[in-house]
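Engineer: In the working numbering, the protein residues as written are 3 to 187. Below you'll find the structure I mean.
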Amino acid sequence: MSERPPSSSLDRSRIDPVIEPIARAHGAEIFDVELKSEASGWVLRVYVEKLGSSERKATTQDAAVDLTLCSNVAKELSPALDVVDVVPHRYHLEVSSPGLERPLRHRADFERFEGQKAKIKLRTPIKGQKVLVARLAKVHGDVVTVEEGSKSYDVPLADIVSSHLVFEFGPAPKPGKQKKGPSPR
Numbered sequence: 003m004s005e006r007p008p009s010s011s012l013d014r015s016r017i018d019p020v021i022e023p024i025a026r027a028h029g030a031e032i033f034d035v036e037l038k039s040e041a042s043g044w045v046l047r048v049y050v051e052k053l054g055s056s057e058r059k060a061t062t063q064d065a066a067v068d069l070t071l072c073s074n075v076a077k078e079l080s081p082a083l084d085v086v087d088v089v090p091h092r093y094h095l096e097v098s099s100p101g102l103e104r105p106l107r108h109r110a111d112f113e114r115f116e117g118q119k120a121k122i123k124l125r126t127p128i129k130g131q132k133v134l135v136a137r138l139a140k141v142h143g144d145v146v147t148v149e150e151g152s153k154s155y156d157v158p159l160a161d162i163v164s165s166h167l168v169f170e171f172g173p174a175p176k177p178g179k180q181k182k183g184p185s186p187r
């Protein structure tokens, strides 16, 4: 698996020193930065999560940032990026959380989310499949073991094209008895 998927010609060595202190000042850390050409034009996306989330191996819920934090980071970041001029053309800045179905891009991401379900796209098929939706069981060396039902597969990280968590809904409430609150009068 490549360390970071290519996302246009963004020079992270120039942009990270601008973004990181601003994110940290707001209690956040950078998950990823990407520059993409879309129908509406160029978009610079900065994904943030709560400061220390990666070291603590926080769940997506515990690492989540709110809209206010994202807005505050964006307000301070926009003029700072304009001064440094790391993007040579017009772009729209977005600051957000990686989300519940966050991408898994690094070995540490697979370790952090062991036990969770993920969708994994492969370069080379395993048992005829190039896409697996499986539970992340264990990371050992440069291989992640995934479990799909009763089957277990060892997937080399270098063979993963892309992957992301799959959100799982909790159990449905049982029909019938429901908690009753005070009756309206």
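Heads up, the beta-carbon is just placed ideally off N, CA and C, and yes, glycines get one too.
(1) When the Cα atoms are used, what is the spatial distance from N74 to I21?
(2) Just checking my contact of L95 with A76 at CB under 8 Å: how many whole Å lie between their CB atoms?
(3) Would you decide whether E5 is buried or exposed? Buried here means 16 or more other CB atoms lie within 10 Å of its CB.
(4) What is the C-beta distance between L134 and F112, in whole angstroms, given that I count them as a contact (C-beta under 8 Å)?
(5) For L12, which residues from the same chain have a beta carbon less than 6 Å from its beta carbon, with the 5 sequence-adjacent residues on both sides left out?
(6) DSSP state of E31, grouped into three classes?
(7) Are A30 and V86 closer than 7 Å when you measure CB to CB?
(8) In whole angstroms, what separates the C-alpha of L83 from that of I24?
(9) Starting from the C-beta of S164, find all residues in its chain whose C-beta is less than 6 Å away, skip the five residues before and the five after it, and write them out in chain order.
(10) Please classify S152: does DSSP put it in a helix, a strand, or coil?
(11) In terms of DSSP beta bridges, what is S98 paired with?
(12) If you follow the alpha helix (DSSP H) that R114 is part of, which residue opens it and which one closes it?
(13) Assuming A65 is part of the alpha helix (DSSP H), what are its boundary residues?
(14) Compare the Cα-Cα distances from A120 to each of Q131, R104, R109 and report the closest residue.
(15) Whose CA, out of A41, G54, I17, A27, lies closest to the CA of V48?
(16) First and last residue of the beta strand (DSSP E) that includes K59?
(17) Which residues share a DSSP beta bridge with Y80?
(18) Quick one: residues in its chain with C-beta nearer than 8 Å to the C-beta of S154, no 5 flanking neighbours on either side, listed in chain order?
(19) Does P173 pass the burial test, meaning 16 or more other C-beta atoms within 10 Å, or should it be called exposed?
Structural biologist: Quick answer:
(1) Pairing N74 with I21, the inter-Cα distance amounts to about 13 Å.
(2) Yes, they are in contact, since the Cβ atoms of L95 and A76 sit about 6 Å apart, within 8 Å.
(3) Unreliable placement is indicated for E5, whose pLDDT of 45 sits below 50; no coordinate value is reported for it.
(4) Actually they are not in contact, since the Cβ atoms of L134 and F112 sit about 13 Å apart, beyond 8 Å.
(5) Here the set comprises L37.
(6) Under the three-state reduction of DSSP output, E31 falls in the strand class.
(7) Inclusion of A30 and V86 in the CB contact set at 7 Å is not warranted, their separation being larger than that value.
(8) Between L83 and I24, the C-alpha separation is close to 11 Å.
(9) Counting only residues of its own chain and dropping the five nearest sequence neighbours on each side, S164 has a CB closer than 6 Å to the CB of K123.
(10) Of the three classes helix, strand and coil, the one that applies to S152 here is coil, per DSSP.
(11) S98 is bridged to Y49.
(12) 109-114 is the span of the alpha helix (DSSP H), which, as asked, contains R114.
(13) Looking at the DSSP string, the run of the alpha helix (DSSP H) that includes A65 is 62-65.
(14) Selected option, being the one with the closest Cα: R104.
(15) Residue I17 is the option with its Cα nearest to V48.
(16) In the DSSP assignment, K59 falls outside any beta strand (DSSP E), carrying neither H nor E.
(17) The sequence as given places Ser at residue 80; Tyr does not occur at that position. None, per the DSSP bridge assignment.
(18) Once the five neighbours on either side are set aside, the close Cβ partners of S154 are A139, T147, V148.
(19) With fewer than 16 Cβ atoms within 10 Å of its Cβ, P173 is classed as exposed.
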